[in-house]
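A short write-up of the structure that comes next.
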Amino acid sequence: MQETSPSSNALSLDALELRVRSCVLCPLAQTRTSVVFGEGNRSADLLFIGEGPGEEEDRSGRPFVGPAGQKLDEVLNSVQIRREDVYISNVVKCRPPGNRVPSHSEMEVCFPYLESQIALIKPALIVTLGNTSTQWLKPDIPGITKSHGSFFSWRGDILLFPMFHPSYLLRNPSREKGSPKYLTWLDIQKVSKWIDEYRRAKNA
Ligand code: URA
15 MQETSPSSNA
25 LSLDALELRV
35 RSCVLCPLAQ
45 TRTSVVFGEG
55 NRSADLLFIG
65 EGPGEEEDRS
75 GRPFVGPAGQ
85 KLDEVLNSVQ
95 IRREDVYISN
105 VVKCRPPGNR
115 VPSHSEMEVC
125 FPYLESQIAL
135 IKPALIVTLG
145 NTSTQWLKPD
155 IPGITKSHGS
165 FFSWRGDILL
175 FPMFHPSYLL
185 RNPSREKGSP
195 KYLTWLDIQK
205 VSKWIDEYRR
215 AKNA
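So the sequence shown is numbered by my numbering: it starts at 15 and just counts up by one.
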């Protein structure tokens, strides 16, 4: 397992975070309580990207800490992936009022921040959570119902792996074969296997 430790990119990520914290480039700045920059291991090989902060995230300034976050934790725990070993962020860093889907222009304005995070963290595998982040990062693939559970290349040597959004699992609690929950449990096992093999190869 990786350790969360100060790394050479720590300062740059700090500088970026400082900038994002004072961002007023889109109307979400007017209604937010906190900017939710993202958190986790700054040298993570695994990056999870959601849509945007919800109510509890807006209040606390941390990603995926509300009900969807608890579901995400459950998914990660099922394969012993520790939150502190990965990095978690969103396409937009401020909460869209009423948890609506962020608009195209909000995502467009915010995306350079996520691009910079990716460039600094340098993950090997990006897991997009839900249709919004998947389609934003990889518009040329089918919707989440078809694309979840498959690996796609993203901008060269990074892999992108779509999964259902944890909120979708909360709305569809069935565990029956073929249900979103059932499929997600299979998907996260694929992620775990891939990352284990990646780390083994890297340390060989
Ligand atoms: N939903 C998201 O997409 N991101 C969060 O951080 C919380 C809920």
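For glycine and all other residues, C-beta sits at the position ideal for the given N, C-alpha and C. This structure is a prediction, so every number in the text was calculated from the model and none was measured.
Query, Result
"Indicate whether E129 and C40 have their beta-carbon atoms separated by less than 7 Å.", "no"
"Along the chain, where does the alpha helix (DSSP H) containing L90 start, and where does it finish?", "P81 to N91"
"Would you say the beta carbon of A58 comes nearer than 6 Å to a heavy atom of the ligand URA?", "no"
"Quick check: the Cα distance between L86 and E211, rounded to an integer number of angstroms?", "22 Å"
"As an exercise, report each continuous alpha helix (DSSP H) stretch of at least 4 residues that is fully enclosed by the region 93-140, in chain order.", "118-135"
"Suppose contacts are defined by Cβ-Cβ distances below 7 Å. Is P77 in contact with V50 by that definition?", "yes"
"Quick check: what's the CA-CA separation for I155 versus P176?", "10 Å"
"Among R169, D201 and A215, which one has its Cα closest to the Cα of V93?", "D201"
"Looking only at C-alpha atoms, which of Q203, P194, L42 and E31 sits nearest to G144?", "P194"
"Could you check whether the Cβ of S36 sits closer than 7 Å to any Cβ belonging to chain D?", "Protein chain content of the structure displayed is limited to a single chain, and chain D is not contained in it."
"Pull up the distance between the alpha-carbon of D171 and that of L60, whole angstroms please.", "13 Å"
"Relative to the C-alpha of K216, which candidate in A138, A43, E31 and D28 has its C-alpha closest?", "A138"
"Under three-state DSSP, which class holds P176?", "strand"
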